[in-house]
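Protein chains in written order, with numbering that gives the first Met the number 0: chain X, 0 to 493; chain L, 0 to 77; chain Z, 0 to 353.
A virtual CB, placed ideally from N, CA and C, is assigned to each residue, including glycine.
For clarity, every value in this text was computed on a predicted model and none was experimentally measured.
In what follows, a structure is listed as structure tokens, so that the remarks can point back to it.
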Amino acid sequence: MSEKIKLGRPAGFFDVFERRPGAIKKNMHYCPGCGHGVLHKLIAEAIADLGITHRVVLAAPVGCAVFAYYYFKCRSIQCAHGRAPAVATGLTRSNPDDVIISYQGDGDLASIGFNHILQAANRGENMTVFFVNNAIYGMTGGQMAPTTLPGQKTQTSPLGRDVLETGYPIRVCEMISQFDAPVYVERCALTSFKNIMAARRAVRKALQNSMDKKGFSLVEFLSGCPVNLKMNAHDMSEFIETKMTKFFPLGVYLDRAAEREPIVRAEMNYDADKIKSLLYPEEIQSELGDYKCSSPVFDKECRVKISGFGGQGVLSLGYILAILGKQRNFNVSWLPSYGPEMRGGTANCSVVFSKSHIGSPEAAENCDMLVCMNQPSVEKFLPILKAGGVLVYDSSTVKLPEGAAKDHYVYGLPASDLANHLGDLRAANTVMLGAIAAVMADNFLDDADKANLDTAMIEAVREMFAKKAKAADINIEAYKTGKEKIEFKSVPKA
Amino acid sequence: METKPKKTFRCDIAFDECKGCSRCVEACPRSLLKLGDAINMMGFPAAVYAGEGCIGCGACYYSCPEPGAITIVEITED
Amino acid sequence: MNRTNRVLLKGNEAAVYGALLAGCECYFGYPITPASEIAHASARLFPAMGRVFIQAECEIASINMVMGASAAGKRVMTASSGLGISLKQEGVSYIATAELPCVIVDVMRGGPGLGNISPEQADYNQVVKGGGHGGYRCIVLSPGSVQEMCDLTMLAFDLADKYRTPVYVLTDGMIGQMMEKLELPEPRPRRMPPAWSLDRNVSADNWISSIYMDPVDLEETNRRLNRKYDEIREKEQLVEEFMMDDAEYAFVAYGIASRMARSAVDELRKQGVKIGLVRPKTLFPFPENALRKAVKNGVKQFFSVEMSNGQMIDDVRLAIECARPVALINRMGGNVPTVEEIVNRTMDVIKGGK
Numbered sequence: 000m001s002e003k004i005k006l007g008r009p010a011g012f013f014d015v016f017e018r019r020p021g022a023i024k025k026n027m028h029y030c031p032g033c034g035h036g037v038l039h040k041l042i043a044e045a046i047a048d049l050g051i052t053h054r055v056v057l058a059a060p061v062g063c064a065v066f067a068y069y070y071f072k073c074r075s076i077q078c079a080h081g082r083a084p085a086v087a088t089g090l091t092r093s094n095p096d097d098v099i100i101s102y103q104g105d106g107d108l109a110s111i112g113f114n115h116i117l118q119a120a121n122r123g124e125n126m127t128v129f130f131v132n133n134a135i136y137g138m139t140g141g142q143m144a145p146t147t148l149p150g151q152k153t154q155t156s157p158l159g160r161d162v163l164e165t166g167y168p169i170r171v172c173e174m175i176s177q178f179d180a181p182v183y184v185e186r187c188a189l190t191s192f193k194n195i196m197a198a199r200r201a202v203r204k205a206l207q208n209s210m211d212k213k214g215f216s217l218v219e220f221l222s223g224c225p226v227n228l229k230m231n232a233h234d235m236s237e238f239i240e241t242k243m244t245k246f247f248p249l250g251v252y253l254d255r256a257a258e259r260e261p262i263v264r265a266e267m268n269y270d271a272d273k274i275k276s277l278l279y280p281e282e283i284q285s286e287l288g289d290y291k292c293s294s295p296v297f298d299k300e301c302r303v304k305i306s307g308f309g310g311q312g313v314l315s316l317g318y319i320l321a322i323l324g325k326q327r328n329f330n331v332s333w334l335p336s337y338g339p340e341m342r343g344g345t346a347n348c349s350v351v352f353s354k355s356h357i358g359s360p361e362a363a364e365n366c367d368m369l370v371c372m373n374q375p376s377v378e379k380f381l382p383i384l385k386a387g388g389v390l391v392y393d394s395s396t397v398k399l400p401e402g403a404a405k406d407h408y409v410y411g412l413p414a415s416d417l418a419n420h421l422g423d424l425r426a427a428n429t430v431m432l433g434a435i436a437a438v439m440a441d442n443f444l445d446d447a448d449k450a451n452l453d454t455a456m457i458e459a460v461r462e463m464f465a466k467k468a469k470a471a472d473i474n475i476e477a478y479k480t481g482k483e484k485i486e487f488k489s490v491p492k493a
Numbered sequence: 000m001e002t003k004p005k006k007t008f009r010c011d012i013a014f015d016e017c018k019g020c021s022r023c024v025e026a027c028p029r030s031l032l033k034l035g036d037a038i039n040m041m042g043f044p045a046a047v048y049a050g051e052g053c054i055g056c057g058a059c060y061y062s063c064p065e066p067g068a069i070t071i072v073e074i075t076e077d
Numbered sequence: 000m001n002r003t004n005r006v007l008l009k010g011n012e013a014a015v016y017g018a019l020l021a022g023c024e025c026y027f028g029y030p031i032t033p034a035s036e037i038a039h040a041s042a043r044l045f046p047a048m049g050r051v052f053i054q055a056e057c058e059i060a061s062i063n064m065v066m067g068a069s070a071a072g073k074r075v076m077t078a079s080s081g082l083g084i085s086l087k088q089e090g091v092s093y094i095a096t097a098e099l100p101c102v103i104v105d106v107m108r109g110g111p112g113l114g115n116i117s118p119e120q121a122d123y124n125q126v127v128k129g130g131g132h133g134g135y136r137c138i139v140l141s142p143g144s145v146q147e148m149c150d151l152t153m154l155a156f157d158l159a160d161k162y163r164t165p166v167y168v169l170t171d172g173m174i175g176q177m178m179e180k181l182e183l184p185e186p187r188p189r190r191m192p193p194a195w196s197l198d199r200n201v202s203a204d205n206w207i208s209s210i211y212m213d214p215v216d217l218e219e220t221n222r223r224l225n226r227k228y229d230e231i232r233e234k235e236q237l238v239e240e241f242m243m244d245d246a247e248y249a250f251v252a253y254g255i256a257s258r259m260a261r262s263a264v265d266e267l268r269k270q271g272v273k274i275g276l277v278r279p280k281t282l283f284p285f286p287e288n289a290l291r292k293a294v295k296n297g298v299k300q301f302f303s304v305e306m307s308n309g310q311m312i313d314d315v316r317l318a319i320e321c322a323r324p325v326a327l328i329n330r331m332g333g334n335v336p337t338v339e340e341i342v343n344r345t346m347d348v349i350k351g352g353k
């Protein structure tokens with residue numbers, strides 16, 4: 000005569016629950032008759048039988064299963080209330096070969112964390128969700144759950160759930176199965192032997208999907224909470240099978256695992272050269288070598304404000320000046336206007352050059368140069384142009400008011416019209432750049448810097464249009480036009 | 000003609016690991032389980048097995064929420 | 000073709016470059032102005048290296064994805080601004096308590112409430128003082144330039160690993176949006192999954208949790224965390240001092256406000272005022288040593304220059320144990336103080352003698 004154990008303590012559990020505080024080390028913390036225990040056993044048995052204890056990471060919820068990591072012989076993490084699907088997303092994306100289990104109760108999944116489960120399902124994250132629906136909050140002591148039945152009495156629905164006040168039970172399987180991404184959704188009941196065996200098959204099927212990287216699987220378990228519902232084992236099963244299943248019919252809601260290809264995630268690349276080729280730009284050889292501008296104007300901050308309509312290339316014009324500053328070894332800052340203002344149709348940016356420290360990157364006061372490409376800009380920014388500063392404006396779009404800018408050097412040119420004649424209105428900003436170059440030569444630069452100004456500017460334009468040679472040519476043409484066509488209007492009156 | 004070795008089953012209940020919920024009592028198709036009179040170290044009346052008649056179906060085992068309270072043993076007679 | 004490490008970037012982009020150079024493997028975030036360029040650059044650059052980018056469904060999801068990835072043994076980052084950071088705080092508390100490393104970039108905007116999208120510094124209290132529930136702290140770095148957005152983000156990953164704690168890079172809309180030239184550092188070698196992580200190659204059954212039901216255990220956890228914070232206070236204070244050698248007055252300012260303060264130092268020095276600047280590069284730990292040294296060296300009046308309602312000023316007072324008066328020079332609501340404002344306000348205080 001010989002004996003063998005046909006069914007015993009599943010190998011997916013630790014032999015002794017050392018992580019559980021207190022004297023009891025062989026049992027779990029659940030109340031007598033709790034469905035969590037039944038499901039834990041099915042999972043522990045399955046991960047051992049499937050040979051995946053080394054591949055499983057369990058994300059445990061807040062709720063009665065908060066201590067699930069005491070029990071399972073696998074890696075595990077305890078998550079914030081309702082957030083397990085988000086944590087599980089981080090886990091599966093990090094290590095796609097792992098089998099991730101998000102174990103959640105009804106309050107956790109269908110109330111405080113509902114968005115997370117829907118979004119994880121909709122992304123088709125490769126994970127298995129085991130959802131325990133016992134129609135009540137267990138750990139906090141019997142409050143109403145999103146799945147509490149109409150008329151069911153709980154601590155927070157003492158007269159019974161009133162659907163006019165609190166709505167109806169939320170049907171999770173029905174909702175999740177509407178998405179395109181999930182592969183498998185089934186609702187089971189942890190009641191009769193027959194139903195438990197169906198749940199056992201569902202547990203294994205879901206885990207197999209995760210092992211095969213088929214994507215998102217969710218199994219809902221109608222489960223007993225005999226202590227909070229104040230029922231014995233018999234009444235508990237009857238409640239689930241007669242009352243709960245009316246709202247939560249059992250069955251397979253979705254199964255497209257067979258036709259779904261495994262998810263293939265990219266391998267992370269750690270090659271230093273690859274990172275450098277991604278982040279470090281190609282070096283543009285300058286004819287000027289490592290030339291440093293010598294004009295004293297740059298010894299302190301030189302502030303430029305550029306303003307106009309969105310789409311006129313106002314930000315790009317500032318950006319070209321910033322490139323110039325970078326190439327010529329200045330400290331340089333460029334600050335765009337951003338947000339709703341930008342999206343509302345106007346745009347401006349500040350460029351500050353200095354060979355020493357740059358304080359504010361915002362040209363908010365004492366500007367040295369103001370470039371206006373539309374009428375509102377003149378009104379808005381002329382007050383910040385310092386006395387003796389330079390105004391350059393696009394005379395195609397701006398009519399300078401009588402008596403305006405009397406304390407400033409004023410230049411104008413029909414930049415938009417000129418760009419239009421060149422065949423590309425978008426080049427109005429580089430026409431303006433040419434004007435700026437001429438103005439800089441007139442007002443700011445010493446002879447050495449003047450001598451190679453065109454080379455420097457053209458190199459900055461080429462860097463701006465590094466991958467677009469044709470655009471670079473048009474814009475260089477525009478630059479030359481602007482530099483040539485600039486008109487000197489007036490000097491400070493004082 | 001070879002005769003198949005005769006198999007019988009036994010339901011072992013770990014006295015101190017049972018919480019007395021009676022799910023197994025409900026589940027056994029042959030009504031071989033009941034809650035006993037003795038109170039275990041956790042304070043529960045543990046289930047007891049009638050002693051014979053187990054068919055090894057596993058209904059009690061899978062209904063039991065405790066990891067190791069129930070063990071089904073298969074006995075093969077030579 | 001030769002490549003150059005000299006580039007022009009927005010502050011927000013520089014944080015992403017720094018993250019990738021530091022070996023960051025995952026980015027999770029939700030769009031919010033003025034931090035969105037961090038998500039934009041991450042969406043473009045992370046997948047190019049086979050790294051993870053996910054636009055999460057919300058701020059709460061993104062910080063919990065961060066928790067999952069950090070637990071999985073990856074270097075991971077998220078970014079947001081003001082109200083988004085408020086939403087993340089629950090997750091940050093979990094991460095700090097579970098002692099997981101991660102980097103969070105906060106590009107501050109105007110508050111409170113929906114506020115506006117202009118730069119402010121009023122997340123100081125919610126970031127520097129912990130912010131979420133329970134007694135945890137996070138290391139907080141405060142870049143003052145685009146170069147430092149890159150450099151301090153890299154440092155943030157190292158400190159996060161060294162102390163197993165969340166590290167903030169606390170910056171503002173202006174530094175985030177502005178472009179400056181910077182020199183990109185060399186990429187770091189891969190950081191392998193740590194022994195405590197849930198990487199399958201390091202452990203079969205590691206677990207990560209922040210629940211300690213026994214008050215004795217939780218108290219000990221608190222004490223352990225606080226010993227760590229004490230060590231951080233002792234070892235990790237970073238500061239830049241400008242014109243402090245002979246200073247009788249000192250500005251204390253971080254981030255964008257420090258740049259205006261530094262210009263104000265130049266201006267006031269021209270007027271004969273012996274003033275300097277102490278610029279905290281770490282806000283937790285607050286650079287107490289530098290401030291105490293300033294007191295010892297003869298500073299008789301401090302000015303907390305901040306774009307908030309007097310938040311950092313408390314730390315200045317505490318650092319010098321109220322040994323000297325500290326005046327507040329501040330703007331709020333998305334306004335940036337001008338150099339002129341700072342100079343005038345400083346002179347008012349100096350002339351008023353208080």
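Residue 54 of chain L: which of L/2, L/27, L/14 sits nearest, CA to CA?
Taking the first residue of the second sequence as position 1, residue 54 of chain L is located at position 55. Ranking the options by Cα distance to residue 54 of chain L, first place goes to L/27.
Below 8 Å on C-beta distance, what does residue 47 of chain Z contact in chain X?
The sequence position of residue 47 of chain Z within the third sequence is 48, counting from 1. By Cβ distance, chain X contributes 277.
Can a CB atom of chain X be found closer than 8 Å to the CB of residue 77 of chain L?
Stepping through the second sequence from its first residue, residue 77 of chain L is reached at position 78. Answer yes: the Cβ-Cβ gap between residue 77 of chain L and chain X drops below 8 Å somewhere.
Any Cβ of chain X within less than 8 Å of the Cβ of residue 321 of chain Z?
To locate residue 321 of chain Z, count along the third sequence from 1; it is residue 322. False, the Cβ-Cβ gap to chain X never drops below 8 Å.
Can you tell which of Z/210, Z/93, Z/68, Z/107 has the C-alpha that lies nearest to the C-alpha of residue 196 of chain Z?
By one-based count along the third sequence, residue 196 of chain Z stands at place 197. Answer by Cα proximity: Z/68.
According to DSSP, is residue 245 of chain X helix, strand or coil?
Indexing the first sequence from 1 puts residue 245 of chain X at position 246. DSSP places residue 245 of chain X in helix when its eight states are reduced to three.
Taking the straight line between their C-alpha atoms, what separation do you get for residue 334 of chain Z and residue 307 of chain X?
By 1-based counting over the third sequence, the position of residue 334 of chain Z is 335. By 1-based counting over the first sequence, the position of residue 307 of chain X is 308. So the two alpha carbons sit approximately 22 Å from each other.
With 16 other Cβ atoms within 10 Å as the buried cut-off, status of residue 492 of chain X:
The residue labelled residue 492 of chain X in the question sits at position 493 within the first sequence. Result: exposed.
Starting from residue 330 of chain X, follow the alpha helix (DSSP H) in both directions and report where the run begins and ends.
Taking the first sequence and counting its residues from 1, one reaches residue 330 of chain X at position 331. Element bounds for residue 330 of chain X: not the alpha helix (DSSP H) but the beta strand (DSSP E), 330-335.
Taking the beta carbon of residue 62 of chain L as the centre, do at least 16 other beta carbons fall within 10 Å, making it buried, or is it exposed?
Sequence index remark: in the second sequence, residue 62 of chain L carries index 63 (1-based). By the neighbour-count rule (16 or more Cβ atoms within 10 Å), residue 62 of chain L is buried.
Relative to the ligand SAH, is the shortest distance from any of its heavy atoms to the C-beta of residue 139 of chain X smaller than 7 Å?
With respect to small molecules bound, the structure shown includes none, and the ligand SAH cannot be examined in it.
Report yes if the C-beta distance between residue 43 of chain X and residue 95 of chain X is below 8 Å; otherwise report no.
For this step, residue 43 of chain X is matched to residue 44 along the first sequence. For this step, residue 95 of chain X is matched to residue 96 along the first sequence. Taking 8 Å as the Cβ cut-off, residue 43 of chain X and residue 95 of chain X do not qualify as a contacting pair.
Comparing C-alpha positions only, which one of X/240, X/183, X/163, X/447 sits nearest to residue 172 of chain X?
Counting from 1 along the first sequence, the entry for residue 172 of chain X is found at position 173. Considering only alpha carbons, the answer is X/183.
Presumed contact (8 Å Cβ cut-off) between residue 389 of chain X and residue 351 of chain X, rounded CB distance:
Here residue 389 of chain X refers to the residue found at position 390 when the first sequence is read from its first residue. Here residue 351 of chain X refers to the residue found at position 352 when the first sequence is read from its first residue. So it is not a contact: roughly 15 Å between Cβ atoms.
Kindly indicate if chain X contains any beta-carbon less than 8 Å away from that of residue 87 of chain L.
Because chain L spans 0 through 77 in this model, residue 87 of chain L falls outside it and cannot be assessed.
Please report whether the beta-carbon of residue 285 of chain X lies at a distance below 8 Å from any beta-carbon of chain Z.
For the purposes of this step, residue 285 of chain X is taken as the residue at position 286 of the first sequence. Judged by the 8 Å Cβ criterion, residue 285 of chain X is not in contact with chain Z.
Hey, how far is the Cα of residue 196 of chain X from the Cα of residue 19 of chain X?
Mapped onto the first sequence, residue 196 of chain X falls at position 197. Mapped onto the first sequence, residue 19 of chain X falls at position 20. So the alpha carbons of these two residues sit roughly 29 Å apart.
Can you list, in chain order, the stretches of the beta strand (DSSP E) that have 3 or more residues and sit fully within the segment 102-166 of chain X?
127-132
Over what stretch of residues does the beta strand (DSSP E) that includes residue 131 of chain Z continue unbroken?
The sequence position of residue 131 of chain Z within the third sequence is 132, counting from 1. That residue, residue 131 of chain Z, is in no beta strand (DSSP E); it is neither H nor E in DSSP.
Just to confirm before moving on: does the CB-CB distance between residue 70 of chain L and residue 4 of chain X stay below 8 Å?
Looking up residue 70 of chain L in the second sequence gives position 71. Looking up residue 4 of chain X in the first sequence gives position 5. Their beta carbons are under 8 Å apart, which means residue 70 of chain L touches residue 4 of chain X by this criterion.
Check whether the segment 125-135 of chain X and the segment 145-153 of chain X are in contact - that is, three or more C-beta pairs closer than 8 Å.
yes
Residue 98 of chain X and residue 209 of chain X: beta carbons closer than 8 Å?
Taking the first residue of the first sequence as position 1, residue 98 of chain X is located at position 99. Taking the first residue of the first sequence as position 1, residue 209 of chain X is located at position 210. Yes, they are a contact pair.
What does a CB cutoff of less than 6 Å around residue 286 of chain X pick up in its chain, not counting 5 residues either side in sequence?
In the first sequence, residue 286 of chain X corresponds to position 287, counting from 1. Cβ neighbours of residue 286 of chain X beyond the five flanking positions: 454.
Indicate whether residue 286 of chain Z and residue 237 of chain Z have their beta-carbon atoms separated by less than 8 Å.
Translated into the one-based positions of the third sequence, residue 286 of chain Z becomes position 287. Translated into the one-based positions of the third sequence, residue 237 of chain Z becomes position 238. Contact: yes.
If you reduce the DSSP assignment to three classes, tell me which class residue 16 of chain L lands in.
As a working note, residue 16 of chain L is residue 17 in the second sequence. Of the three classes helix, strand and coil, the one that applies to residue 16 of chain L here is helix, per DSSP.
How many angstroms separate the CA atom of residue 10 of chain Z from the CA atom of residue 369 of chain X?
Translated into positions along the third sequence, residue 10 of chain Z becomes position 11. Translated into positions along the first sequence, residue 369 of chain X becomes position 370. When rounded, the distance between both Cα atoms is 24 Å.
Against chain L: residues of the segment 57-71 of chain X by CB proximity under 8 Å:
70
Out of curiosity, what's the CA-to-CA distance linking residue 60 of chain Z and residue 332 of chain Z?
On the third sequence, position 61 is the one that residue 60 of chain Z refers to. On the third sequence, position 333 is the one that residue 332 of chain Z refers to. Residue 60 of chain Z and residue 332 of chain Z: Cα-Cα distance of roughly 28 Å.
What does residue 166 of chain Z reach in chain X if we use C-beta pairs closer than 7 Å?
In the third sequence, counting from the first residue as 1, residue 166 of chain Z sits at position 167. None at all; the shortest Cβ gap to chain X is about 18 Å.
Cβ-Cβ separation, residue 100 of chain Z to residue 160 of chain Z (assumed contact under 8 Å), whole Å:
Reading the third sequence from its first residue, position 161 is the one you call residue 160 of chain Z. Reading the third sequence from its first residue, position 101 is the one you call residue 100 of chain Z. Going by Cβ atoms, the distance from residue 160 of chain Z to residue 100 of chain Z rounds to 5 Å, so yes, they are a contact pair.
Are residue 486 of chain X and residue 410 of chain X closer than 8 Å when you measure CB to CB?
On the first sequence, position 487 is the one that residue 486 of chain X refers to. On the first sequence, position 411 is the one that residue 410 of chain X refers to. Yes, the Cβ-Cβ distance between residue 486 of chain X and residue 410 of chain X is below 8 Å.
Per DSSP, which residues does residue 222 of chain Z bridge with? Please list them.
By one-based count along the third sequence, residue 222 of chain Z stands at place 223. According to DSSP, residue 222 of chain Z bridges with nothing at all.
For residue 65 of chain X, count the other beta carbons within 10 Å of its own beta carbon; 16 or more makes it buried, fewer makes it exposed. Which is it?
Position 66 of the first sequence, counted from the start, is the residue given in the question as residue 65 of chain X. Residue 65 of chain X is buried by the Cβ-count criterion.
Could you check where the alpha helix (DSSP H) with residue 315 of chain X kicks off and where it finishes?
On the first sequence, residue 315 of chain X is found 316 positions in, with the first residue counted as 1. Per DSSP, residue 315 of chain X belongs to the alpha helix (DSSP H) from 313-326.
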